[in-house]
Amino acid sequence: MTHRRSFLKTASTVGLISVSGCLGNILPGGGGDTIKIGCPLPLSGAFARTGQENRIGLEIAQDHLNGQTLDQDLELLFQDTESEPGTAVQVTQDLIESENVDAVIGPASSASGIAVIEYIKSQGQVPLLPTTVSAMDARENPENCNRYTFFIWPSNRHLVPTSVEFIQALPEYVDRDIDPSRVHFVSLDYALGQNNLELLEEEMNNVGGEVTGSTLVPQGESDWSSYISEISSSDADIVTGVLTWGSAAQLIPQAESFGLTDSKVMMFNSGKPVGQFAASTIPNDVIGWYGTHFYNPNQDTDVNDEFKQLYQNMDGDLLPNSAAGGSFEILRSLSIAMEEAGSTDTDDVIGALEGLQWDSIFGSINYRESDHQCMMNFAGVVRENSGSDIPEFTVLEEYPDVIGPARCN
Numbered sequence: 003m004t005h006r007r008s009f010l011k012t013a014s015t016v017g018l019i020s021v022s023g024c025l026g027n028i029l030p031g032g033g034g035d036t037i038k039i040g041c042p043l044p045l046s047g048a049f050a051r052t053g054q055e056n057r058i059g060l061e062i063a064q065d066h067l068n069g070q071t072l073d074q075d076l077e078l079l080f081q082d083t084e085s086e087p088g089t090a091v092q093v094t095q096d097l098i099e100s101e102n103v104d105a106v107i108g109p110a111s112s113a114s115g116i117a118v119i120e121y122i123k124s125q126g127q128v129p130l131l132p133t134t135v136s137a138m139d140a141r142e143n144p145e146n147c148n149r150y151t152f153f154i155w156p157s158n159r160h161l162v163p164t165s166v167e168f169i170q171a172l173p174e175y176v177d178r179d180i181d182p183s184r185v186h187f188v189s190l191d192y193a194l195g196q197n198n199l200e201l202l203e204e205e206m207n208n209v210g211g212e213v214t215g216s217t218l219v220p221q222g223e224s225d226w227s228s229y230i231s232e233i234s235s236s237d238a239d240i241v242t243g244v245l246t247w248g249s250a251a252q253l254i255p256q257a258e259s260f261g262l263t264d265s266k267v268m269m270f271n272s273g274k275p276v277g278q279f280a281a282s283t284i285p286n287d288v289i290g291w292y293g294t295h296f297y298n299p300n301q302d303t304d305v306n307d308e309f310k311q312l313y314q315n316m317d318g319d320l321l322p323n324s325a326a327g328g329s330f331e332i333l334r335s336l337s338i339a340m341e342e343a344g345s346t347d348t349d350d351v352i353g354a355l356e357g358l359q360w361d362s363i364f365g366s367i368n369y370r371e372s373d374h375q376c377m378m379n380f381a382g383v384v385r386e387n388s389g390s391d392i393p394e395f396t397v398l399e400e401y402p403d404v405i406g407p408a409r410c411n
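Take any residue in the sequence shown, note its place counting from 1, add 2, and you have its number in this note's numbering.
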């Protein structure tokens with residue numbers, strides 16, 4: 003079923019790694035024969051897997067663009083943020099002030115993203131396109147609002163309202179009686195999870211429901227047994243929340259071993275249980291798990307087909323996924339904006355990015371002019387046994403044009 007509702011439419015510097023389509027005559031950014039894009043990403047530390055997928059997405063986007071934009075060589079300059087906000091600011095500053103990059107793509111984590119946004123707003127002043135920064139504070143706090151930053155990755159204001167709609171639809175798809183008005187929340191105990199819980203309580207209240215309890219797991223915890231017992235004891239039929247890749251990899255197999263899905267419907271709004279990472283690494287365990295997600299790997303479009311082929315050519319151990327796909331589309335959108343502007347000048351590129359609409363692997367999306375967030379298409383999904391090594395990504399409900407209110411104008 004497709005829902006046509008639109009949600010409120012209205013540290014020391016780390017060594018530099020350069021990847022260029024053609025390494026001819028490299029001149030400073032903002033002119034010359036090479037367009038330079040700085041890429042501060044977590045290639046080590048807690049968010050390394052995300053950063054590595056972001057890097058893959060950027061490199062295959064460079065291939066997709068034949069290594070050029072504006073008939074100039076397109077060079078990607080990678081620096082490792084080490085998953086630390088302080089290092090993220092330092093390497094971004096180095097990219098802008100020493101390498102004279104034309105734009106910055108990254109960082110990946112919310113804490114690093116907010117720290118870099120503060121630097122860009124006050125000093126860096128080049129186009130900034132974070133990869134997987136989902137914090138609402140990055141795009142809603144007046145202190146962080148600025149003209150330079152553009153977000154393709156959805157925030158909790160995309161995730162939570164969509165998930166509550168899907169929760170209300172779940173009785174139609176589950177083979178036992180369940181009460182969609184009562185849910186139990188699960189997340190790591192960190193800012194994004196806490197904010198997700200606050201919004202979930204608001205949205206469930208709006209539909210006459212409630213969050214009956216919550217399980218917030220300390221970061222770095224590997225043994226979820228006591229938390230799974232707590233979840234199992236909940237009087238709610240549906241378990242929801244937000245997961246990182248790491249926490250999903252721990253919770254899902256342990257929950258299956260415990261038999262949790264025999265008594266609870268597991269539906270997470272981060273998309274991790276139904277996304278490509280889980281399907282790549284724990285395919286048998288995710289069968290029967292539900293989620294809402296904005297990347298449909300089965301979408302039959304030329305650009306998605308090319309993205310998947312380019313990704314598979316990398317011979318990695320994962321399936322084409324949203325983390326790689328997000329950075330793939332960020333570089334594509336930046337290239338489109340530069341081509342439309344006919345320039346790499348900051349003001350010209352910002353003007354072209356504002357309101358930019360393009361056909362992406364996520365469908366037709368655009369950067370909203372007022373606050374530079376993307377309107378995205380979501381789906382309510384279950385992973386089902388396909389008879390092959392990879393469980394089927396089965397779309398049950400569709401939620402197009404999802405976006406939260408503009409709070410930075």
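Just so it is clear, CB atoms sit at the ideal spot from N, CA and C, and this is done for glycine as well. From a predicted model like this one, the values you see are computed outputs, not experimental measurements.
Reduced DSSP secondary structure (H/G/I, E/B, other) of residue i
i    : result
Q125 : helix
Y229 : helix
V213 : strand
I154 : coil
L398 : strand
R149 : coil
T246 : coil
N198 : helix
D403 : strand
G382 : strand
L262 : helix
L321 : coil
N411 : coil
S390 : coil
I240 : strand
M415 : In this structure the chain extends from 3 to 411, so residue 415 is not present and cannot be described.
G26  : In this prediction, G26 scores a pLDDT of 34, lower than 50, which makes its location untrustworthy; the coordinate-derived value is nonetheless stated afterwards. The answer is coil: DSSP assigns G26 none of H, G, I, E or B.
S234 : helix
V188 : strand
V162 : helix
V118 : helix
Environment of residue i [buried if 16+ CB atoms lie within 10 Å]
i    : result
S216 : buried
G108 : buried
V241 : buried
S111 : buried
Q92  : buried
F9   : Residue confidence is low: F9 scores 33 on pLDDT, short of 50, so the model does not pin down where it sits. Its coordinate-derived value is still stated next. Counting Cβ neighbours within 10 Å, F9 comes out buried, since at least 16 surround it.
D391 : exposed
Q81  : buried
P407 : exposed
S337 : buried
G115 : buried
D237 : exposed
Sub-8 Å separation of residue i and residue j beta-carbons
i    : j    : result
Q74  : T133 : no
T289 : D239 : The residue asked about is misnamed: residue 289 is Ile in this sequence, not Thr. Not a contact, by the Cβ cut-off of 8 Å.
F296 : N411 : no
E203 : V166 : no
Q375 : S366 : no
V384 : T396 : yes
K38  : V103 : yes
L194 : V118 : no
I363 : Q311 : no
Y299 : P275 : According to the sequence displayed, residue 299 carries Pro and not Tyr. Cβ distance not < 8 Å, so P299 and P275 don't count as in contact.
Q61  : L76  : Checking the sequence shown, residue 61 turns out to be Glu, not Gln. Not a contact, by the Cβ cut-off of 8 Å.
Y313 : A325 : no
Heavy atom of the ligand GDP within 7 Å of residue i beta-carbon
i    : result
F380 : In terms of ligand content, the structure shown is empty, and the ligand GDP therefore cannot be addressed.
Specify whether the segment 140-154 and the segment 196-204 touch according to this definition: at least 3 beta carbon pairs, one from each stretch, less than 8 Å apart. no
Hey, which unbroken runs of the beta strand (DSSP E) at 3 residues or more fall wholly within the segment 286-311? 292-295
Segment contact flag, the segment 84-95 with the segment 151-163, C-beta cutoff 8 Å, min 3 pairs: no
Measuring CB atoms only, is the segment 208-222 touching the segment 175-193, in the sense that at least three cross pairs come out at less than 8 Å? yes
Residue ranges of each alpha helix (DSSP H) run of no fewer than 4 residues wholly in the segment 31-109, ordered along the chain? 50-66, 87-99
Could you pull out every unbroken beta strand (DSSP E) segment of at least 3 residues lying fully inside the segment 326-377, listed in chain order? 359-362, 365-369
Given 8 Å as the limit, is there contact between the segment 352-361 and the segment 276-292, that is, 3 or more CB pairs closer than that? no
Is it the case that the segment 169-177 contacts the segment 254-265, given that we only count it when at least three CB pairs across the two stretches are under 8 Å? no
Are there three or more Cβ pairs, one per stretch, closer than 8 Å when the segment 291-309 is compared with the segment 336-352? no
Meets three-Cβ-pair contact criterion under 8 Å: the segment 116-134 and the segment 149-159: yes
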